[in-house]
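A.B. asks: Residue numbers are given in UniProt numbering: position 109 of the sequence shown equals residue 109, and the series is strictly consecutive.
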Amino acid sequence: MIVIHAVRAFLLGDDADREVLLAFAFIPARFETSLAGAWFPGGAAGDAWTFVTYGFLHADWTHLAVNVLWLTVFGSAVARRFGTIRSLLFFAVTAAAGALGHLAAVGTAFVPVIGASAAVSGFTAAALRFIFQAGGPLGAMRAGGEDTYRVPALGLADMIRNGPVMGMIAVWIAVNVAFGAINLPMPGFEGQIAWQAHLAGFAAGLFLFRFFDPVPAA
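(1) Do you know offhand how far alanine 127's Cα is from aspartate 158's?
(2) Name the DSSP beta bridge partners of valine 113, please?
(3) Pairing CB atoms from the region 149-157 with CB atoms from the region 130-138, are three or more of them under 8 Å?
(4) For the alpha helix (DSSP H) that contains serine 34, what are its first and last residues?
(5) Going along the chain, which residues of its own chain have a beta-carbon closer than 7 Å to the beta-carbon of methionine 168, five neighbours each way excluded?
(6) Determine the direct distance from the alpha carbon of valine 106 to that of threonine 53, and round the result to whole angstroms.
(7) Measuring from the CB of glycine 42, is there a heavy atom of the ligand ATP at a distance below 7 Å?
(8) Return the chain-ordered list of same chain residues with a C-beta closer than 8 Å to the C-beta of residue 220, the five sequence neighbours on each side being excluded.
(9) Suppose only complete runs of 4+ residues qualify. What are the alpha helix (DSSP H) ranges in the region 32-88, listed by chain order?
(10) With a cut-off of 8 Å, do at least 3 Cβ pairs link the region 112-121 to the region 24-33?
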């Protein structure tokens with residue numbers, strides 16, 4: 001993501017960067033039936049790949065830095081548990097879920113959606129399934145080494161009874177509602193925040209975790 005943004009920022013002109021956005025950002029208007037004759041780069045294939053590729057593009061360095069930092073904090077724990085292949089697939093699935101959620105919520109607007117936030121939200125949800133467990137990264141009796149990331153995950157019902165987990169979820173939802181739905185200004189960001197995509201990515205990460213988790217359930 002850093003390399004992609006650097007190329008866009010330093011090597012591409014405005015026209016070329018606009019073509020990149022048209023080809024790889026998620027643009028809900030692609031699915032507007034009245035625009036069926038309109039041309040978007042990639043055609044039908046682009047309609048499919050932009051559900052994922054938008055997650056590798058960012059509006060500016062601040063947008064990129066926030067997502068990279070958040071992904072480093074929560075995504076690294078999940079990646080050490082899932083492994084490389086599962087993590088890449090998980091990124092794709094949660095990014096696609098975020099795009100689908102945004103499309104369902106706002107309809108076929110022409111405003112492009114970019115950023116890894118939906119996938120980052122999915123990794124955050126996945127991390128909450130195990131990081132507060134005993135022996136886990138933020139749990140009591142931290143195991144140390146790779147065993148820290150392979151503790152049994154919380155079931156969905158158990159998460160509801162877990163104070164730290166529910167506290168994190170409450171804070172995460174409150175932040176998204178405040179800066180997205182209510183549209184409070186966020187320092188360093190311009191334009192609207194696709195908070196619906198964040199919520200959809202988070203939900204996908206929470207509920208699809210078990211299909212990617214290689215650690216046997218307790």
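Don't be surprised by glycine CBs; every beta carbon is placed ideally from N, CA and C. Predicted model only: the values in this text are computed from it and were never measured.
C.D. replies: So, from the data block:
(1) One Cα belongs to alanine 127, the other to aspartate 158, and the distance between them is close to 14 Å.
(2) Its beta-bridge partners are Phe26.
(3) Taking one beta carbon from each stretch, the region 149-157 and the region 130-138 have 3 or more pairs nearer than 8 Å; the two touch.
(4) In this chain, serine 34 is not harboured by any alpha helix (DSSP H), its DSSP state being neither H nor E.
(5) Answer for methionine 168: Leu128, listed in chain order.
(6) Counting only the Cα atoms, valine 106 lies some 19 Å from threonine 53.
(7) In terms of ligand content, the structure shown is empty, and the ligand ATP therefore cannot be addressed.
(8) Past the boundaries of the shown model lies residue 220; the chain is included only from 1 to 218, so the question cannot be answered.
(9) Here the runs fully enclosed are 43-53, 61-70, 76-82.
(10) Using a Cβ-Cβ distance cut-off of 8 Å, the region 112-121 and the region 24-33 are in contact, since at least three pairs of beta carbons, one from each stretch, lie closer than that value.
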